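In the working numbering, the protein residues as written are 1036 to 1554. Built from N, CA and C at the ideal position, the CB exists for glycine as well. Note that the coordinates shown come from a computational prediction; the quantities given were computed from them, not determined experimentally.
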Amino acid sequence: MPKISRRALLSVAAAAPVFAMLPRIALADGHDVLRIGIAGETGDLDLLQNVSTLSSYTVVFDGLIHYGPGGALQPGLATAWKVAEDGLSISFDLREGVTFSDGTPFDAAAAEWNLKRWLGVADFSWIGIADAYDSIMVDGSNKITVKLKRPVPAALLELTIVRPVRFLSPKAVDASGKQTAPIGTGPWIVESYSSTGTTLVRNDGYWGEKPAFSRMELKVVPDELARANGLRAGELDIIGGEWVAPLSPRRARALASDGVTVVAEPGTATTILGYSPKSPMMQDKAVRDAIFVGIDRAAVAAVLFEGYADPTVDIFPTTVPTAGKRHDVPKRDLAAAKAALTAGGWTAQGAGFSKDGKPLAIDFLVSDESFPGSRRIAEMLQAQLTEVGFKVNISSVDTAVMHQRRPNFEYDLTFFGNYGAPYDPHGSLGASFVTAVDTGPDGKIYVSDDLDKLVLAALETAGDAREAAMQSVYDWIYDNTAACPLVVTQRLWAVSSRVKGFALPATDYDLPFKGLTLA
């Protein structure tokens, strides 16, 4: 893929439509521009449409509450909040003196208008607070109260997610209410965007800490090698981030060997091997147990993730709030795996096993398109399970077939990932382990009537009892071997030498620009 020069990018951007509502700001030279590689174009950042890259919203739009390290809730456009004892209302004190980048004041009226665009709307019923919404009371120029039909213990965490909960200028819509421009209260203003990149200028009227540089260019570079070469050549300053432009462990290791600064920190998402709950083979707990102890998580982390992953048997890592108690990661134990099968009625026959005349054969569904690198992981696991006595067929498919087969449970084994911060634990539990929730092509990690009851009860439990209720879910999944967590992937970014003060934000849905200076 050809390298993208700054001159070429700016010439394309100059031809792109410039939002009429935005202020005119003089161009800065290259020494005052941060250049971040992104895998796909940002789109128009419509808060109600799922068409733009999630990481780009966070530089333009603020939420009432922001997600901090470990799930700590931090003030955003709300400086304080209070949940009623019965959980049926949440009151917010709104930040005073804030304006949208078009000059429109942010106040209780603007907040109410924004919230009513998605609260109580069917398309957003996957968000608990939207599904439970009753009404909004404006208690003053900078005070509002959201009333609910039922308690939503995760409501405050839900208000930290990327879309649609952030705030748009009421003037940035047409007569039908459709968003016409991405006008927020955030630290950056979109100057222009196209298929090759997005140019942003600093919002000098921002209420919070302003960036030290005046411009930011998000350059669309779909190919990972091209992004790495762009960083080496000085055409990009930052690459990486699971939801920005993923940096593979192998590429990260190569960059590090070239002397490039690679930042690796504990992740918030787990790679999980899922057993189909509709597969007759996987309904046999002995089979699930044999797989659980018959694979080598440490080898997967060390070899396939180049050490940029941490072995686990828990659904969520400790970087996610209310992640539950920790279990020791077992060493691979062939004898224990075979003993589990024997105890479950399987009979050793040569190098394999059979039961009721059927061989121990499983179908492993993978897609490198939807989960890059999954074929290599599957091949390693195939070799390990073959040593146990399994016959493993790897079905390697494209994204379209994966999206068809996974929700229909047309597999024995396949890979899943939970959503990570700020969506977890409630997001993945409510979507991936509850039968009635439609998750479309994402499918389900595991479902059962007993698990449904536990998950729904945990998601509705608040206060001091919440941790125990969540733990009951984790215990059920672990005790029933309902899922097979493999590794927690580390968060990987690579940074050029001209970037000083680089630190990762709390989630990979946020672009890393805060606190940076440019040499």
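Sequence-distant residues of the same chain with beta carbon closer than 7 Å to residue i, five excluded per side
| i | result |
| --- | --- |
| A1325 | A1372, A1375, L1376, V1423 |
| A1413 | F1399, V1401, I1429 |
| H1438 | P1476 |
| T1552 | A1247, K1535, G1536 |
| V1208 | Q1214, T1215 |
| H1323 | Here the sequence assigns Arg to residue 1323, which means His is not the residue at that position. Y1310, M1317, T1516. |
Contact belief for residue i with residue j at Cβ below 8 Å, rounded distance in angstroms
| i | j | result |
| --- | --- | --- |
| A1538 | V1297 | Not confirmed; about 14 Å, so no contact. |
| P1457 | T1305 | Their Cβ separation, rounded to whole angstroms, is 15 Å, which puts P1457 and T1305 out of contact at 8 Å. |
| D1543 | W1278 | 5 Å |
| R1201 | L1082 | 6 Å |
| T1220 | L1129 | Their Cβ separation, rounded to whole angstroms, is 11 Å, which puts T1220 and L1129 out of contact at 8 Å. |
| P1205 | A1145 | 6 Å |
| V1197 | T1354 | Actually they do not touch by this definition, with Cβ atoms about 18 Å apart. |
| P1217 | L1080 | 4 Å |
| A1074 | P1257 | 6 Å |
| I1330 | L1416 | 6 Å |
| A1299 | L1527 | 6 Å |
Spatial neighbours of residue i in its chain, beta-carbon cut-off 6 Å, leaving aside the 5 residues before and after
| i | result |
| --- | --- |
| I1273 | I1071, V1530 |
| I1078 | It should be noted that the sequence gives Gly, not Ile, for residue 1078. If we look at G1078 and ignore the five residues flanking it on each side, its Cβ neighbours are V1086, S1087. |
| S1431 | V1401, R1410 |
| A1396 | K1426 |
| D1368 | V1328 |
| Q1109 | H1101, G1103 |
| G1455 | T1303, A1304 |
| P1284 | F1340, E1341, Y1343 |
| K1390 | G1380, W1381 |
| P1237 | In the sequence on display, residue 1237 carries Arg and not Pro. Taken in chain order, the residues that qualify are P1246, S1249. |
| V1295 | A1529 |
| Q1506 | G1359 |
Cutoff 8 Å; reference residue i; Cβ partners in own chain excluding five residues on either side
| i | result |
| --- | --- |
| A1337 | none |
| R1154 | Per the sequence shown, the amino acid found at residue 1154 is Leu instead of Arg. I1164, A1165, Y1168, I1171, V1181. |
| T1347 | T1305, R1332, V1364, P1520, L1521, V1522, V1523 |
| I1307 | I1350, F1450, F1451, G1452, N1453, I1480, A1518, C1519, P1520, L1521 |
| G1212 | R1152 |
| S1160 | D1166 |
| D1403 | S1409, R1410, S1431 |
Three-state secondary structure (DSSP) of residue i
| i | result |
| --- | --- |
| W1511 | helix |
| T1134 | strand |
| E1076 | coil |
| S1405 | coil |
| W1148 | helix |
| A1119 | coil |
| V1436 | helix |
| H1101 | strand |
| P1162 | Here residue 1162 is Ile; the residue named in the question, Pro, does not match the sequence. Note: I1162 maps to coil in three-state DSSP. |
| I1330 | coil |
| Q1318 | coil |
| Q1419 | helix |
| L1089 | helix |
| E1300 | strand |
| V1355 | coil |
| P1394 | strand |
| A1383 | strand |
| G1309 | strand |
| S1124 | strand |
| G1452 | strand |
| A1207 | coil |
| V1427 | strand |
| D1447 | coil |
| D1345 | strand |
| P1350 | The sequence shown places Ile at residue 1350, not Pro. If DSSP states are grouped into helix, strand and coil, I1350 belongs with coil. |
| P1365 | coil |
| P1460 | coil |
Proximity test, residue i beta-carbon vs the ligand HEM heavy atom, cut-off 7 Å
| i | result |
| --- | --- |
| E1244 | The ligand HEM is not part of the structure shown, which contains no ligands of any sort. |
Within the chosen definition, does the segment 1187-1194 reach the segment 1489-1499 through at least 3 CB pairs nearer than 8 Å?
-> yes
Hey, which unbroken runs of the beta strand (DSSP E) at 3 residues or more fall wholly within the segment 1480-1534?
-> 1518-1524, 1526-1530
In chain order, each beta strand (DSSP E) run of at least 3 residues that lies wholly inside the segment 1164-1195 | 1168-1175, 1178-1183
If you scan the segment 1218-1290 from start to end, which runs of the alpha helix (DSSP H) of 4 or more residues do you find wholly inside it?
-> 1259-1267
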